[in-house]
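Notes follow once the structure below has been shown.
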Amino acid sequence: NAGVTQTPKFRVLKTGQSMTLLCAQDMNHEYMYWYRQDPGMGLRLIHYSVGEGTTAKGEVPDGYNVSRLKKQNFLLGLESAAPSQTSVYFCASSYARGGARANNEQFFGPGTRLTVL
Amino acid sequence: RKEVEQDPGPFNVPEGATVAFNCTYSNSASQSFFWYRQDCRKEPKLLMSVYSSGNEDGRFTAQLNRASQYISLLIRDSKLSDSATYLCVVTPDRGSTLGRLYFGRGTQLTVWP
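The following block contains the structure:
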């Protein structure tokens, strides 16, 4: 199993350009997440999905859109990139829901390093 | 106030040392607790869950104090390979069914020979 994969690994954009980051998982997980990680800020949730065809906003959704047309794929779009979106983007997936001892383990992809000039 | 607060470090310790990291969380109804490890320029990976009774995995011991809303990770006999950033992670309250996790900013550890 490949686990969670992300494409591309690196990308440089100019302000105002658009792009889509692709996340794929082969573990049949229901839940998928997009995070961004910035120095000193930790991981912040952008959008997430609890199943095929459903998406929801996380902590920092502005400037991003997502789609989950297939269970195994979760796309993150930037319609008009801004320098503030320069970051490392991680996708993650998980199987189980919450609960006191439920396994909420999230499996992360290797990340996409995005620079917006 | 952030959901999870951690001392960012860095902690620089010699091989063989014992080091402890602390973390506090703001939501008293939080249900599950974890430590993740993130190597430089890599993705986070689950290190261990944290149970109320405390739990141990080899050289790693995790403790939870619900009354103080405090989580700790103790690493004994540090190895060079333990050098990484350790993320304290908390799930929200029982009402959430979304599997969401809240991450601390991480504590950086460097073990030197």
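One line per chain: the protein sequences are A and B, in this order. Under my numbering, the first residue of the first sequence carries the number 1, and numbering increases by one thereafter. Under my numbering, the first residue of the second sequence carries the number 1001, and numbering increases by one thereafter. Cβ coordinates follow ideal geometry from the N, Cα and C atoms, glycine included.
Simplified DSSP state of residue i, which is helix, strand or coil
{"i": "P61 (chain A)", "result": "coil"}
{"i": "L43 (chain A)", "result": "strand"}
{"i": "L1080 (chain B)", "result": "helix"}
{"i": "Q1063 (chain B)", "result": "strand"}
{"i": "Q1038 (chain B)", "result": "strand"}
{"i": "S1052 (chain B)", "result": "coil"}
{"i": "Q85 (chain A)", "result": "helix"}
{"i": "N1022 (chain B)", "result": "strand"}
{"i": "T27 (chain A)", "result": "Residue identity check: residue 27 (chain A) is Met in the sequence provided, not Thr. Looking at M27 (chain A) - three-state DSSP - the assignment turns out to be coil, as it is neither helix nor strand."}
{"i": "N1012 (chain B)", "result": "strand"}
{"i": "R11 (chain A)", "result": "strand"}
{"i": "E52 (chain A)", "result": "coil"}
{"i": "N1 (chain A)", "result": "coil"}
{"i": "N73 (chain A)", "result": "strand"}
{"i": "E1005 (chain B)", "result": "strand"}
{"i": "Y95 (chain A)", "result": "coil"}
Cβ shell of residue i (< 8 angstroms), same chain only, five flanking positions each side left out
{"i": "S18 (chain A)", "result": "G77, L78, E79, S80, A81"}
Partner residues on chain A for residue i, Cβ-Cβ distance less than 7 angstroms
{"i": "F1060 (chain B)", "result": "The contacting residues do not exist; F1060 (chain B) stays about 16 angstroms from chain A at best."}
Amino acids of chain A, ordered along the chain, whose beta-carbon sits closer than 8 angstroms to that of residue i
{"i": "G1104 (chain B)", "result": "G42"}
{"i": "L1046 (chain B)", "result": "E105, Q106"}
Sequence-distant residues of the same chain with beta carbon closer than 7 angstroms to residue i, five excluded per side
{"i": "E105 (chain A)", "result": "S94"}
{"i": "R44 (chain A)", "result": "Y35, R36, E59, V60"}
{"i": "Q1038 (chain B)", "result": "P1044, A1084, T1085, L1087, G1106"}
{"i": "S1052 (chain B)", "result": "L1064, R1066"}
Chain B residues whose Cβ lies nearer than 7 angstroms to that of residue i
{"i": "F90 (chain A)", "result": "E1043"}
Cβ-heavy atom distance, residue i to the ligand SAM, below 6 angstroms
{"i": "T1107 (chain B)", "result": "Summarising the ligand content, the structure contains no ligands, and the ligand SAM is consequently not present."}
Beta-carbon neighbours of residue i, restricted to chain A and to distances below 9 angstroms
{"i": "L1109 (chain B)", "result": "Per Cβ cutoff of 9 angstroms: no residues; L1109 (chain B) is ~16 angstroms from chain A at best."}
Close beta carbons around residue i, own chain, < 6 angstroms, minus the five adjacent residues each side
{"i": "T20 (chain A)", "result": "L75, G77"}
{"i": "F10 (chain A)", "result": "R113"}
{"i": "Q1006 (chain B)", "result": "C1023, C1088, G1104, R1105, T1107"}
{"i": "P83 (chain A)", "result": "V116"}
Partner residues on chain B for residue i, Cβ-Cβ distance less than 9 angstroms
{"i": "L45 (chain A)", "result": "R1100, L1101, Y1102, F1103"}
Chain B residues whose Cβ lies nearer than 8 angstroms to that of residue i
{"i": "G110 (chain A)", "result": "Just to set this straight, residue 110 (chain A) is Pro in the shown sequence, not Gly. Residues of chain B passing the Cβ test: K1042, E1043."}
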